[in-house]
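Reading through the structure tokens given below for one structure.
There are 2 protein chains.
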Amino acid sequence: MNDVARDFIERMGLMAERDGMFSRIAGRMLGFFMLDGKPHSLDDIAEQLQISKASASTNARFLEQMGVLERCSSFGDRRDFYRLGDSPWEDLFDVARHRMENVLRLVDNTASLLPDEMDIARKRLQVWREFYAFMLDEMDAQAERWRQRLARTSAVEAGSLPAAISERD
Amino acid sequence: MNDVARDFIERMGLMAERDGMFSRIAGRMLGFFMLDGKPHSLDDIAEQLQISKASASTNARFLEQMGVLERCSSFGDRRDFYRLGDSPWEDLFDVARHRMENVLRLVDNTASLLPDEMDIARKRLQVWREFYAFMLDEMDAQAERWRQRLARTSAVEAGSLPAAISERD
DNA sequence: TTGTTTGTTCAGTACGCACTGAATGAATTG
DNA sequence: CAATTCATTCAGTGCGTACTGAACAAACAA
């Protein structure tokens, strides 16, 4: 593997960790698969990223559940292969959206539960509620715009999604 | 302090921590000041949140630097007071924006540094570059829309921003 | 059946980081 | 000057959590 690639992968890991997106190794995996579209087995991933097989398994499954990675298989091969999902951004949107939804729910709930003598606080919370509701709407619209923009240019990278796999390096 | 309020503050702390926004105590502080618009001294904060004064100081200054809190003072009082800034969302936008900017820079940089034999990877990265650039533009537009929407309804909560403070409980 | 090859689970560990208490510094008063 | 009252800094500690190695489970081959 290349020095530039290694550096990229490492930085992706650090950023993912710092930004609270996911663990360092999961971030490295994302970086790895952003560079390489081909499917890789767990052993392969573990070796390339120099991590334990256990970690590879755990984090790959985690990223799969997030929708970032995709598990795929091959005829006559018992191994699991992973590669970048067909719409990883879609799910990155969802993560952010879900977090915001939680805060909205909390603020909303609290505002309604607050005792009468605290309606100054309630009014303050309602502005925040508005803010988070606004953000949610905006994010949905944003995701939709990206989807459309992607559809317009998707011809460029078509034909890159076989259900089964042919070969590996 | 109320049970509902305490629960809200606690949950805000947990969410802030889980979402990687900031530390648990910083999250609790934000929750506290979302409910109470009045300025509070460090000792006051430390007592209400049942944390050490050191932690109160550190986290308050951190939130101030993030633009979420605002330091204010009072005549004849040497103490520092804190309260919610006049536009905390503005700065929450900035945090998210800055993070995204970092990823964009990394992806962009890597794409240009990749050796010639890896231009399949480069093309893959360029789609991601597009994605993050798109997100940045969208976020700016989004922040602007919120600003305008807030300006339309700001009359509701006007008169809540004295430079110095009058009284405390 | 036994022996391989895979993925997963789990106890243990190591590491980072947020929080605390005590010391320090700075400003003010008597 | 000493004493007080505030904020900040810093070494130490505790806690959570991500990672590892080894044991386990499951699927398959011989």
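These protein sequence lines map, in sequence, to chains S and D.
Sequence positions in the first sequence follow the working numbering and run 3 to 171.
Sequence positions in the second sequence follow the working numbering and run 3 to 171.
The beta carbon of each residue, even a glycine, is placed where N, CA and C say it ideally should be.
These figures come from a predicted structure and were not determined experimentally.
- Think of a sphere of 7 Å around the beta carbon of Gln144 of chain S: the chain D residues whose beta carbon falls inside it are Glu140, in chain order.
- Take Asp96 of chain S, set aside five residues on each side of it, and the residues of its chain with a beta-carbon closer than 8 Å to its own are Gly69, in chain order.
- Secondary structure of Ser89 of chain S (DSSP, three-state): coil.
- Listed along chain S, the residues sitting closer than 9 Å to Met120 of chain D by beta-carbon distance are Asn4, Val6, Ala7 and Leu37.
- Contact of Asn104 of chain S with chain D is assigned, a C-beta pair being separated by under 8 Å.
- Identification of chain D residues near Thr60 of chain S by a Cβ-Cβ cut-off of 7 Å yields none; the smallest Cβ-Cβ distance measures about 19 Å.
- In this structure, the CA atom of Met120 of chain D is about 38 Å from the CA atom of Met137 of chain S.
- Of D:Leu37, D:Met36 and D:Met31, the smallest CA-CA separation from Leu44 of chain D is found for D:Met31.
- Secondary structure at Leu116 of chain S: coil, using DSSP grouped into helix, strand and coil.
- Beta-bridge annotation (DSSP): Glu72 of chain D is paired with D:Arg85.
- Residue burial is scored here from C-beta neighbours: Gln52 of chain S has fewer than 16 other C-beta atoms within 10 angstroms and is therefore classed as exposed.
- Interface criterion met: the Cβ of Leu116 of chain S is under 8 Å from a Cβ in chain D.
- From the beta-carbon of Met17 of chain S, the residues of chain D found nearer than 9 Å are Arg101, Asn104, Val105 and Leu108.
- Residue pairing by DSSP places His42 of chain D opposite D:Tyr84 in a beta bridge.
- The C-alpha of Trp91 of chain D is placed about 13 Å away from the C-alpha of Glu72 of chain D.
- Between the alpha carbons of Arg124 of chain D and Arg107 of chain S lies a distance of about 41 Å.
- Closer than 8 Å at the C-beta level to chain D, one finds these residues of the stretch 123-139 of chain S: Ala123, Lys125, Arg126, Leu127, Val129, Trp130, Phe133, Phe136 and Met137.
- Between Phe83 of chain S and chain D, the shortest Cβ-Cβ separation is not below 8 Å.
- Interface criterion met: the Cβ of Phe10 of chain S is under 8 Å from a Cβ in chain D.
- Our two residues, Ile47 of chain D and Pro41 of chain D, have alpha carbons roughly 10 Å apart in a direct line.
- Around Gly22 of chain D, the beta-carbon contacts reaching into chain S at under 9 Å are Glu19, Arg20, Asp21, Gly22 and Met23.
- One Cα belongs to Cys74 of chain S, the other to Asp88 of chain S, and the distance between them is close to 12 Å.
- Close partners of Arg151 of chain S in chain D (Cβ separation under 9 Å): Glu132 and Phe136.
- In this structure, Phe34 of chain D and Arg85 of chain D do not form a Cβ contact; the two beta carbons are roughly 10 Å apart against a cut-off of 8 Å.
- Selection D:Phe133, D:Met17 and D:Gln144 evaluated against Thr155 of chain S yields D:Phe133 as nearest (Cα-Cα).
- Under the three-state reduction of DSSP, Asp21 of chain D is assigned to coil, being neither helix nor strand.
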